[in-house]
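Novice: Take this structure, written in structure tokens, and hold onto it; I'll ask about it next.
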Amino acid sequence: MAYVPYEGAAGRTRKVETTIWCGGCGAWFGAVLIECIDAETDPALVERLLADGLAGLHRADCPACGWSYVAEAPIAVHHAPSETLFLYIPPSCRHRAQQTRAAWVAAVAAAPGKQVPDYALSPRLIDGLDALAGLIAPVEPTRVAEAPEVEAPVAEAPSARPSGLLAALLDEDDEAPASAAPDEWAISAEAWQLAEPPDEPARHEPTHVVHSDAVIGDVEAGPRFEAELAVDGVSYVTLDGGRVVAAAKASPEQVTALLTTDAELRFQRHATPDGDALCLTLFFADAGLEPLLWVLDAHRPAHVAALDTLERMFRVDVRGFDAEGRCAVERMFDPPLARNVTQARARAADRAGEREAVTAHLRSGAVDLAGQMRHNFDDTSFAALPSAAEAQLALGIVSYWSNPDRYAYLVDVQCFPVVWFEAMVRRVLGAALEFGLALEPHMQARALSLRLAEDEVDLLRRALASFVEVNLNLRRNELDPIDLWENWAALLGRAEELGVGIDAQIEELAVRAMKAAEEIDEAQDDEAPDESEEAMELDLDDAIEVESIDEAPSADWVPP
Numbered sequence: 001m002a003y004v005p006y007e008g009a010a011g012r013t014r015k016v017e018t019t020i021w022c023g024g025c026g027a028w029f030g031a032v033l034i035e036c037i038d039a040e041t042d043p044a045l046v047e048r049l050l051a052d053g054l055a056g057l058h059r060a061d062c063p064a065c066g067w068s069y070v071a072e073a074p075i076a077v078h079h080a081p082s083e084t085l086f087l088y089i090p091p092s093c094r095h096r097a098q099q100t101r102a103a104w105v106a107a108v109a110a111a112p113g114k115q116v117p118d119y120a121l122s123p124r125l126i127d128g129l130d131a132l133a134g135l136i137a138p139v140e141p142t143r144v145a146e147a148p149e150v151e152a153p154v155a156e157a158p159s160a161r162p163s164g165l166l167a168a169l170l171d172e173d174d175e176a177p178a179s180a181a182p183d184e185w186a187i188s189a190e191a192w193q194l195a196e197p198p199d200e201p202a203r204h205e206p207t208h209v210v211h212s213d214a215v216i217g218d219v220e221a222g223p224r225f226e227a228e229l230a231v232d233g234v235s236y237v238t239l240d241g242g243r244v245v246a247a248a249k250a251s252p253e254q255v256t257a258l259l260t261t262d263a264e265l266r267f268q269r270h271a272t273p274d275g276d277a278l279c280l281t282l283f284f285a286d287a288g289l290e291p292l293l294w295v296l297d298a299h300r301p302a303h304v305a306a307l308d309t310l311e312r313m314f315r316v317d318v319r320g321f322d323a324e325g326r327c328a329v330e331r332m333f334d335p336p337l338a339r340n341v342t343q344a345r346a347r348a349a350d351r352a353g354e355r356e357a358v359t360a361h362l363r364s365g366a367v368d369l370a371g372q373m374r375h376n377f378d379d380t381s382f383a384a385l386p387s388a389a390e391a392q393l394a395l396g397i398v399s400y401w402s403n404p405d406r407y408a409y410l411v412d413v414q415c416f417p418v419v420w421f422e423a424m425v426r427r428v429l430g431a432a433l434e435f436g437l438a439l440e441p442h443m444q445a446r447a448l449s450l451r452l453a454e455d456e457v458d459l460l461r462r463a464l465a466s467f468v469e470v471n472l473n474l475r476r477n478e479l480d481p482i483d484l485w486e487n488w489a490a491l492l493g494r495a496e497e498l499g500v501g502i503d504a505q506i507e508e509l510a511v512r513a514m515k516a517a518e519e520i521d522e523a524q525d526d527e528a529p530d531e532s533e534e535a536m537e538l539d540l541d542d543a544i545e546v547e548s549i550d551e552a553p554s555a556d557w558v559p560p
């Protein structure tokens, strides 16, 4: 039987998102683990695994405190050249070896591909990376041993005795041609140099001609548009080998843009008069191009299966088809949106609308799919907040976007990854506590949910202790006197609400900050412009140049 590699989804490089409980500060943070590596398509991942072990692939750092963790989880390595599927079982997971093997076989059964070779159902367990390295190391090609050169001494020089071989080959009347004289060879060489080189055949001249009646027919490559799946006639979502596929009829301009320019795939939740719509939306870098839209039906089994798959790992193969239903382009998108899918499904659970109605509403242009409000967040936003002033600015921004309505807009319409936002919130709240900044009630609740403090009183006391150091410039400050006093006022007001006593020395620092703020406020009042009627009249007289209005402007005059 000819060699057939396993092409199912289980044998491709697969990643899974998870959460880790920080052992340093107790926060929860997101991480991405690798379940399987396709050694042919991702050899770099195999090299990292062999070089650094699981630390090279499964290392995760808490964004709040920097605590580091290496997740010891089994990894499958699909090595098609050797027709072997390896399951690396870490020492701490030996008790799960059989479960891991069974889970792999179940994954292959769920995504068999075109054909399932025997090796895909018989994974080989490996408990050491050295053994794995030896098994998948490239095999050197077999070399044929070179024969030793035989060197034998010549006993005597060849004799000049006549040979009868030539006479036997020639007839009796034939004579062997005489050898050319040296001067004849020189004349012949000169003739070759003077001769014109032969003409090369023109490149446009055909060497073979195939007539049209000899062409049997076209052979299509790639999948066809499955019109029976497209309820709206232009798009559908399905599963292909365990992978989510979003297919759509696309214009030539959209196909070209998908091939050559940046594009962004979002998982969105839009509110419509007919209910909430869960959809995949592909936006192009050229805002003039209409986005591609796929509306998912929460009651349709195929779409429910696709949503379940996206919750586990968000990866979508987008296929664009021409008017004849031929696949013109295919591109994979894998932004970290698994948590977005989970939250959007939960928010839309009681408001899911009929797919035909919400699709018609979205395609009518009544809904701004992209959204007008913008943000400049990314996965590294507020990674460094070295001063109290910068932390306060970041806290204000995060607090603004933490409002329930704005947060829903941010993750449901703008499609900012939930895992990135949560990590950003942890970073900012950690910095706010480090500099002793007062928190709004909803941010206090968030800090407690992240276990940054035991309770509200502990949170307040830690903030007071840190803010004292900021006032004494033991920590980088850069807050102006008014901001400094306003933070003191908020902390002292919170202490009064909770019935927490304030040390006399802390109160003295707060009083100093209040006086400094009052001095700044009074100085600003002294410098404020006089807004009395008399002063306004004087300013008006100073501003008008009388000679400039001696003559009325002509009809051709254009204001600057």
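With my numbering as the guide, the letters of the sequence shown map in order to residues 1 to 560.
No residue lacks a Cβ here, since even glycine has one placed at the ideal position from N, Cα and C.
Quick check: what's the CA-CA separation for W294 versus A107?
Specialist: When rounded, the distance between both Cα atoms is 27 Å.
Novice: So L259 and V318 are in contact, right, with Cβ under 8 Å, and what is the actual spacing, rounded?
Specialist: Not a contact, Cβ separation roughly 11 Å.
Novice: Rounded to whole angstroms, what's the CA-CA distance from R374 to E440? Just pull it up for me.
Specialist: Near 23 Å, if we compare the C-alpha coordinates of E440 and R374.
Novice: What do you reckon, are the CB atoms on H78 and E17 nearer than 9 Å?
Specialist: Not closer than 9 Å, so no.
Novice: Looking at F321 and C327, is the spacing between their C-beta atoms short of 9 Å?
Specialist: Cβ distance < 9 Å, so C327 and F321 count as in contact.
Novice: For A357, which of D276, T13, L280 has the nearest alpha-carbon?
Specialist: For A357, the nearest C-alpha among the options comes from D276.
Novice: Looking at the unbroken beta strand (DSSP E) that takes in Y409, where does it start and where does it end?
Specialist: Run containing Y409: none in the beta strand (DSSP E); it sits in the alpha helix (DSSP H), 404-412.
Novice: Across which residues does DSSP place K15 in a beta bridge pair?
Specialist: BP columns for K15 point to I34.
Novice: Can you tell me the Cα-Cα spacing of A432 and I506, whole angstroms?
Specialist: Answer to the nearest angstrom: the Cα atoms are 19 Å apart.
Novice: DSSP on T359, reduced to helix/strand/coil?
Specialist: It is helical.
Novice: So what's Q268 in DSSP terms, helix, strand or just coil?
Specialist: Residue state, collapsed to three classes: strand.
Novice: To the nearest angstrom, how far is it from the Cα of D61 to the Cα of A391?
Specialist: One C-alpha to the other measures close to 21 Å.
Novice: Taking P291 and L278 to be in contact with their CB atoms under 8 Å, please state how far apart those CB atoms are, rounded to whole angstroms.
Specialist: So it is not a contact: roughly 16 Å between Cβ atoms.
Novice: Below 8 Å on the Cβ atoms is my guess for P74 versus L85; work out the distance and round it to an integer in Å.
Specialist: Contact flag wrong, Cβ pair sits at about 12 Å.
Novice: Count the other CB atoms within 10 Å of the CB of G11; is the residue buried (16 or more) or exposed (fewer)?
Specialist: Result: buried.
Novice: In this structure, what does DSSP give as the bridge partners for M443?
Specialist: Paired residue(s): none; M443 is not in a bridge.
Novice: Please report the straight-line C-alpha distance between R355 and Q268, rounded to a whole angstrom.
Specialist: Approximately 14 Å between the Cα atoms of the pair.
Novice: Can you tell me where the alpha helix (DSSP H) holding Y400 begins and where it ends?
Specialist: It spans 388-401 - the alpha helix (DSSP H) in which Y400 sits, taken as one unbroken run.
Novice: What are the complete alpha helix (DSSP H) segments, minimum 4 residues, inside the stretch 446-485?
Specialist: 456-471, all fully within the stretch 446-485.
Novice: Do you know whose CA, among R224, H270, T261, L239, lies nearest K249's CA?
Specialist: Out of R224, H270, T261, L239, R224 has the C-alpha closest to the C-alpha of K249.
Novice: Tell me whether A257 counts as near the ligand SAM, meaning its Cβ is closer than 8 Å to at least one heavy atom of that ligand.
Specialist: What this structure holds is no ligand at all, so the ligand SAM is not there to describe.
Novice: Measure the C-alpha to C-alpha separation of H58 and D52 and round it to an integer number of angstroms.
Specialist: Whole-angstrom Cα-Cα distance: 10 Å.
Novice: Could you give the C-beta distance for L310 and V244, rounded to a whole number, given that I count them as a contact under 8 Å?
Specialist: Yes, they are in contact, since the Cβ atoms of L310 and V244 sit about 6 Å apart, within 8 Å.
Novice: With respect to the alpha helix (DSSP H) encompassing D308, which residues constitute its N-terminal and C-terminal limits?
Specialist: Residues 301-312.
Novice: So is G128 buried or exposed if we call it buried at 16+ other beta carbons inside 10 Å?
Specialist: Burial call: exposed.
Novice: Could you pull out every residue in the same chain whose Cβ sits closer than 6 Å to the Cβ of W485, ignoring the five residues on either side in sequence?
Specialist: Cβ within range, chain order: A513, M514, A517.
Novice: Please give me, in chain order, every unbroken run of the alpha helix (DSSP H) with length at least 4 that falls completely inside the stretch 17-95.
Specialist: Here the runs fully enclosed are 43-52.
Novice: How would you label T380, buried or exposed, when you count the other beta carbons within 10 angstroms and need 16 or more for buried?
Specialist: Label assigned to T380: exposed.
Novice: Buried or exposed: N487, going by 16 or more other Cβ atoms within 10 Å of its Cβ?
Specialist: So N487 ends up on the buried side.
Novice: Expressed to the nearest angstrom, what Euclidean distance is found between the alpha-carbon atoms of L395 and G222?
Specialist: If you take the alpha carbons of L395 and G222, they lie about 50 Å apart.
Novice: Compare the beta carbon distance of H270 and D503 with 9 Å and say whether it is the shorter of the two.
Specialist: Against a cut-off of 9 Å, the Cβ pair of D503 and H270 comes out as no contact.
Novice: Under 9 Å between the Cβ atoms of R427 and A383?
Specialist: Contact: yes.
Novice: Among the residues of its own chain, which have a CB less than 7 Å from the CB of A495, if the five just before and after it don't count?
Specialist: These residues qualify, in order along the chain: L460, I502.
Novice: Beta carbon of G325, beta carbon of A227: below 9 Å?
Specialist: Yes. Within cutoff.
Novice: Skipping 5 residues on each side, what residues in its chain have a beta carbon closer than 7 Å to that of G113?
Specialist: Counting only Cβ-Cβ distances below 7 Å, and skipping sequence neighbours, we find Y6, E7, G8, G241.
Novice: Could you give the first and the last residue of the continuous beta strand (DSSP E) run that contains V568?
Specialist: Outside the displayed span of the chain (1 to 560) sits residue 568, for which this structure offers no information.
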